[in-house]
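Here the structure comes first, spelled out in structure tokens, and everything after it is commentary.
Residue numbers (UniProt numbering): 1 to 114.
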């Protein structure tokens with residue numbers, strides 16, 4: 001993992017955590033979405049993307065030689081599934097936050113009637 005990717009992933013986790021701790025419900029939902037995308041970037045980063053593997057296609061390799069080093073497709077499938085689940089979770093959380101706004105008249109969770 002390069003330093004730039006490590007810093008980017010750390011910044012995404014930090015910003016997602018910062019938004020999760022806000023009082024505004026929409027900011028909390030966006031923080032959850034950013035946090036899950038940071039986890040996806042982390043999984044892709046540790047899944048085998050190294051220098052020299054970005055432009056190698058194993059289907060086009062010569063069959064007399066071993067396949068070149070490529071990234072792990074299982075990690076990519078896992079992250080693709082996680083992206084779809086994260087999209088559905090974010091849409092559901094936004095719908096719930098809209099319903100909470102209709103009930104309470106505000107998105108600030110500290111001002112809600114208990």
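We treat Cβ as the ideally placed atom computed from N, Cα and C, and that holds for glycine.
The model shown is predicted, which means the values in this text are computed figures rather than measured ones.
Range covered by the alpha helix (DSSP H) that runs through residue i
i: residue 40; result: 25–46
i: residue 102; result: 73–104
i: residue 19; result: 3–20
Beta-carbon gap between residue i and residue j smaller than 8 Å
i: residue 47; j: residue 31; result: no
i: residue 38; j: residue 13; result: yes
i: residue 42; j: residue 9; result: yes
i: residue 29; j: residue 78; result: no
i: residue 89; j: residue 26; result: no
i: residue 4; j: residue 40; result: no
i: residue 35; j: residue 20; result: yes
heavy atom of the ligand MG below 7 Å from residue i C-beta
i: residue 32; result: With respect to the ligand MG, the structure offers nothing, as it holds no ligand at all.
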